[in-house]
Structures are given as structure tokens and as C-alpha cells.
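Colleague: This is the structure I have questions about; it appears just below.
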Amino acid sequence: MKSATPPNGHMPQHLAPEREFTMRFTSTPRGARLARRLVSHRLNDWGHPYTTPTNETLTLITAELTANAVRHGHVPGRDFHLQLTLAEGLFRIEVTDTRAEKQPPPTPPTPDPASESGRGLLLIAALADDWGVTPRPAAPGKTVWAQLRVPFRQSDDRRHPQPPGERRHNSPPLPPIHRPCT
1020 MKSATPPNGH MPQHLAPERE FTMRFTSTPR GARLARRLVS HRLNDWGHPY TTPTNETLTL
1080 ITAELTANAV RHGHVPGRDF HLQLTLAEGL FRIEVTDTRA EKQPPPTPPT PDPASESGRG
1140 LLLIAALADD WGVTPRPAAP GKTVWAQLRV PFRQSDDRRH PQPPGERRHN SPPLPPIHRP
1200 CT
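Read in order, the letters of the sequence shown correspond to residues 1020 to 1201 in the working numbering.
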């Protein structure tokens, strides 16, 4: 973790989200794959196209968090919960599972070079600006979260078309229409 989770387990108040996506998924590899794909689609809808570094980074972080929830946080018959929020240029991904006794270590362990697994938290620590673990409120379990700051963007003009002749932000004015006199 790049910052310590407070001893009482409570994180500071979250900023009011500008965008939010929340969903429960089955705690299976299929559920983890679906979560990853839906986050990527949602980011594309929010103006971060599939091939941009923001989309690719957040999709990879989501893939690692959800895979860990399935592999290490699975309780038979229980789902995991994913929440993606954007507030003031800060994306936050939270994955909550119902297994409280199995906590990720505060610093990712060095994996065995011959091992095929064990690098997820290293990737999250390398890609995210911050990450941590908090107890699940009002129920057994935990929430593993990661944050990524992205440059502030103006509204996406593809989603909010501009009426002809109207100026928005610093866009150049439309050229005047000259019609020959007849």
C-alpha cells in the first residue's frame, strides 16, 4: 500500500462522485472477466476510449482486484461487489468480498520467479497512485481498493453535441457562411 489504512479501518470521506458504476458479480472466473469487460466499456462510455492508457490501466487493475476476490476471497454462495467512481479526476475501484480472515499483505510479496501467479498486488502497487484494504461495513468481509488520478477532462463532446454556431470552452468560432448573391 502506498498509504497506510487507518487503524480504525475508516477511510476519509469520499468526494461526491461525478460518475459511478456499481454491480455485484458471481465469485467465479466468469464473474471476474465480466466485471473487467464492463469496467472497460463504462470507461469508454465516460470518454476514456479502449486503447487509452487510462482505460487500459484501470481495466488491468480491475482484472487483478476481481481475480483476487475470486481466488482468495471466495465464499461459496457469495458474490463480490465492484464499485468504480470518478470524482475530480480521481478514479477509485473498490472490490468487496465476504471473506474477512484472508487479508492482502500491506506490501506485495516478491513472487517466486518460477511461479505462474502471485504478481497481482505488485501490478496494482505499480499502476495505482494508492491502494489499500478496509473492513466491509456492517458485514463480514473486506474491500480492496485502488485509486488512479487522471488529467481533468472537459465534458466529452461526443456525448454532448454542440448546437451549430454555439461555442463551448476554448473552441474556435465557426467560420461565417458566405453565400454568393444572386
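Virtual Cβ for every residue (Gly too), placed ideally from N, Cα, C.
It should be emphasised that the depicted structure is a prediction, and the values quoted were computed from it without experimental measurement.
Taking only runs that begin and end inside the region 1055–1100, name each unbroken alpha helix (DSSP H) of 4 or more residues, in chain order.
Modeller: Those alpha helix (DSSP H) runs which fall completely within the region 1055–1100 and span 4+ residues are 1072–1091.
Colleague: Just the C-alpha distance for Pro1128 and Ala1035, rounded to the nearest angstrom, thanks.
Modeller: On the sequence shown, residue 1128 is found 109 positions in, with the first residue counted as 1. On the sequence shown, residue 1035 is found 16 positions in, with the first residue counted as 1. Those two C-alpha atoms are separated by around 34 Å.
Colleague: Mark Ala1145 as exposed unless 16 or more other C-beta atoms lie within 10 angstroms of its C-beta, in which case mark it buried.
Modeller: Locating residue 1145 in the sequence shown gives position 126, counting from the first residue. The residue is exposed, with fewer than 16 neighbouring Cβ atoms inside 10 Å.
Colleague: Starting from Ala1144, follow the alpha helix (DSSP H) in both directions and report where the run begins and ends.
Modeller: As a position in the sequence shown, residue 1144 is number 125, starting the count at 1. Segment Gly1139 to Leu1146, the alpha helix (DSSP H) holding Ala1144.
Colleague: Going by the CB atoms, is the gap between Glu1075 and Ile1143 shorter than 8 Å?
Modeller: Here residue 1143 corresponds to residue number 124 of the sequence shown, with the count starting at 1. Here residue 1075 corresponds to residue number 56 of the sequence shown, with the count starting at 1. No, the pair does not count as a contact, with Cβ atoms beyond the cut-off.
Colleague: For Arg1055, I'd like the list of residues in its chain whose CB is within less than 8 Å of its CB, leaving aside the five on either flank, ordered along the chain.
Modeller: Indexing the sequence shown from 1 puts residue 1055 at position 36. Here the set comprises Thr1078, Thr1081, Ala1082 and Thr1085.
Colleague: Per DSSP, which one or two residues make a beta bridge with Thr1117?
Modeller: On the sequence shown, position 98 is the one that residue 1117 refers to. For Thr1117, which the question treats as bridged, DSSP gives no partner whatsoever.
Colleague: How is Arg1043 classed by DSSP in three states: helix, strand or coil?
Modeller: On the sequence shown, position 24 is the one that residue 1043 refers to. If DSSP states are grouped into helix, strand and coil, Arg1043 belongs with the strands.
Colleague: On the three-state DSSP scale, how would you describe Ala1106?
Modeller: For the purposes of this step, residue 1106 is taken as the residue at position 87 of the sequence shown. DSSP places Ala1106 in strand when its eight states are reduced to three.
Colleague: Can you tell me the Cβ-Cβ gap for Gly1092 and Arg1118, rounded? I've got them flagged as a contact below 8 Å.
Modeller: For the purposes of this step, residue 1092 is taken as residue 73 along the sequence shown, with counting starting at 1. For the purposes of this step, residue 1118 is taken as residue 99 along the sequence shown, with counting starting at 1. Sure, about 4 Å apart at Cβ, within 8 Å.
Colleague: Where does the unbroken beta strand (DSSP E) through Gln1166 begin, and where does it stop?
Modeller: The count along the sequence shown starts at 1 and reaches residue 1166 at position 147. Unbroken beta strand (DSSP E) run through Gln1166: Lys1161 to Arg1168.
Colleague: Is DSSP giving Arg1111 helix, strand or coil here?
Modeller: Against the sequence shown, residue 1111 aligns to sequence position 92. In the structure shown, Arg1111 sits in a strand (DSSP, three-state: E or B).
Colleague: So Ala1207 and Val1114 are supposed to be a Cβ contact under 8 Å. How far apart are they, rounded?
Modeller: With the chain covering only 1020 through 1201, there is no way to say anything about residue 1207.
Colleague: Could you please give me the residues that DSSP links to Pro1127 through a beta bridge?
Modeller: Taking the sequence shown and counting its residues from 1, the one referred to as residue 1127 is at position 108. DSSP output for Pro1127 lists no bridge partner at all.
Colleague: Below 7 Å CB to CB, which residues in the same chain sit around His1067 once its five sequence neighbours on both sides are set aside?
Modeller: For the purposes of this step, residue 1067 is taken as the residue at position 48 of the sequence shown. Closer than 7 Å at the Cβ level, and outside the excluded window around His1067, lie Thr1073 and Asn1074.
Colleague: Provide the residue(s) that pair with Gly1050 in DSSP beta bridges, ordered along the chain.
Modeller: Along the sequence shown, one-based indexing puts residue 1050 at 31. Answer is none; Gly1050 lacks a bridge partner.
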